[in-house]
Amino acid sequence: MTSDPKSRFIELKQQQMQQYLHDTITVPEGLEGNVVVTTLDKIYNWSRKSSMWPLLFGLACCAIEMIATAASRYDLARFGMEVMRPSPRQSDLMIVSGTVTKKMVPAIVRIYNQMAEPRYVLSMGACATGGGPFKEGYNVVSGIDKYIPVDVYVPGCPPTPEALIFGLLKLHEKVERQSIAKVPWYRRDTSEYVPVPRLGPDIFDPRQIQLIKEYTLASARTDGDGAAKRGAARRGEAAAPQELSEKAKARIEQAKARYRAKKQQTA
Ligand code: SF4
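Numbering-wise, the sequence shown is residues 139 to 405 according to the working numbering.
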């Protein structure tokens, strides 16, 4: 008998299980040693984690390490992951490997939305997780988790293949903890659609639209001197919605007229 509480717990559980099996299950003669008794959760999670197909998709230098992980020296086939699918509809795992630029975010979110449940996201490297060396750069977002939910983060610049494999093992552990009775993808209306961000002069997330609107209206009110905007930013809050000035209204009307003219030209 061991003194380690965790080992003791496992030992007791095995004893109980053996007792239970001995009492309730009769294995026909000749089949002893060929029957496995397990739970539905265990077999469901085991089969999912053992055939998790990643999306064929890379963004920057981290992708080279991901490719190296799939090659013969490390070999993702040992996890049943050698089939990298070029279609999001056949993939379970999105490995975001590389620098996420603002231009790329709408495409990534669109692909994420096209993946069927159950789907997982692994953020590989400093860039995908928080912007990395390009953090606060004019064209890079500070982490893909601002747009889509991430399950596992792998640190490093770039993470080694060993680090990626460790991240995959952590993802397997997460999958093993899920229960078929509670997973959201068998319930109605639980699969989350992420609004695709818009890329204009800067990228914006449609979920932040109310905040952006209030902020913009407050800025427009000052007719361009930006005092309200700077004041709200200093206080760390969104400026309250205010009435538009005549000048701002005129600018909006001009923009609408330009849009109508362009639409007529293309019709
Ligand atoms: S984390 Fe480093 S290696 Fe990975 S994409 Fe960014 S700069 Fe390249």
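No residue lacks a Cβ here, since even glycine has one placed at the ideal position from N, Cα and C.
Treat the numbers as computed from the prediction; the structure is a model and nothing was measured.
Between the Cα of residue 355 and those of 208, 390, 282, spot the shortest distance and give me the residue it belongs to.
Mapped onto the sequence shown, residue 355 falls at position 217. The option with the nearest alpha carbon to residue 355 is 390.
Do residue 179 and residue 317 have their beta-carbon atoms positioned less than 8 Å apart in this structure?
Taking the first residue of the sequence shown as 1, we reach residue 317 at position 179. Taking the first residue of the sequence shown as 1, we reach residue 179 at position 41. In this structure, residue 179 lies closer than 8 Å to residue 317 by Cβ.
Uninterrupted beta strand (DSSP E) stretches inside the segment 236 to 281 (no shorter than 3 residues):
258 to 262
Since residue 291 sits in a beta bridge, which residues does DSSP pair it with?
As a working note, residue 291 is residue 153 in the sequence shown. The partner list for residue 291 (beta bridge, DSSP) reads 261.
Cβ of residue 194 within 8 Å of Cβ of residue 232?
The count along the sequence shown starts at 1 and reaches residue 194 at position 56. The count along the sequence shown starts at 1 and reaches residue 232 at position 94. Result no, Cβ atoms of residue 194 and residue 232 do not sit closer than 8 Å.
Endpoints, the alpha helix (DSSP H) within which residue 172 is located
Within the sequence shown, residue 172 is the residue found at index 34, counting from 1. Where residue 172 is concerned, there is no enclosing alpha helix (DSSP H), given that its DSSP letter is neither H nor E.
When DSSP labels each residue in this structure, what does residue 299 get in the three-state scheme?
By 1-based counting over the sequence shown, the position of residue 299 is 161. It is helical.
What is the chain-ordered set of residues for which the beta carbon lies under 5 Å from any non-hydrogen atom of the ligand SF4?
198, 199, 200, 236, 237, 263, 264, 265, 270, 295, 296
Any idea if residue 210 is buried or exposed, counting beta-carbon neighbours within 10 angstroms, 16 or more meaning buried?
For the purposes of this step, residue 210 is identified with residue 72 of the sequence shown, where counting begins at 1. Exposed.
Hey, how far is the Cα of residue 327 from the Cα of residue 385?
For the purposes of this step, residue 327 is identified with residue 189 of the sequence shown, where counting begins at 1. For the purposes of this step, residue 385 is identified with residue 247 of the sequence shown, where counting begins at 1. So the alpha carbons of these two residues sit roughly 44 Å apart.
CB of residue 238 within 8 Å of CB of residue 197, strictly:
Position 100 of the sequence shown holds residue 238. Position 59 of the sequence shown holds residue 197. Contact flag set, yes.
When DSSP labels each residue in this structure, what does residue 232 get in the three-state scheme?
Residue mapping note: residue 232 aligns to position 94 of the sequence shown, counting from 1. Strand at residue 232.
Between the segment 305 to 314 and the segment 182 to 189, do at least 3 Cβ pairs fall closer than 8 Å?
yes
Residue 262 versus residue 330 - alpha carbon distance:
Within the sequence shown, the letter at position 124 stands for residue 262. Within the sequence shown, the letter at position 192 stands for residue 330. Approximately 22 Å between the Cα atoms of the pair.
Helix, strand or coil at residue 193 according to DSSP, with G and I counted as helix
As a first step, residue 193 is located in the sequence shown; it is residue number 55 there, counting from the start. Strand at residue 193.
Work out the CA separation of residue 300 and residue 272 for me, nearest whole Å.
Within the sequence shown, residue 272 is the residue found at index 134, counting from 1. Within the sequence shown, residue 300 is the residue found at index 162, counting from 1. Distance between the alpha carbons of residue 272 and residue 300 is about 24 Å.
Report the option in 325, 252, 352 whose CA atom is closest to the CA atom of residue 226.
The count along the sequence shown starts at 1 and reaches residue 226 at position 88. Ranking 325, 252, 352 by Cα distance to residue 226 puts 252 first.
Quick check: the Cα distance between residue 208 and residue 200, rounded to an integer number of angstroms?
Position 70 of the sequence shown, counted from the start, is the residue given in the question as residue 208. Position 62 of the sequence shown, counted from the start, is the residue given in the question as residue 200. Cα to Cα, residue 208 sits roughly 13 Å from residue 200.
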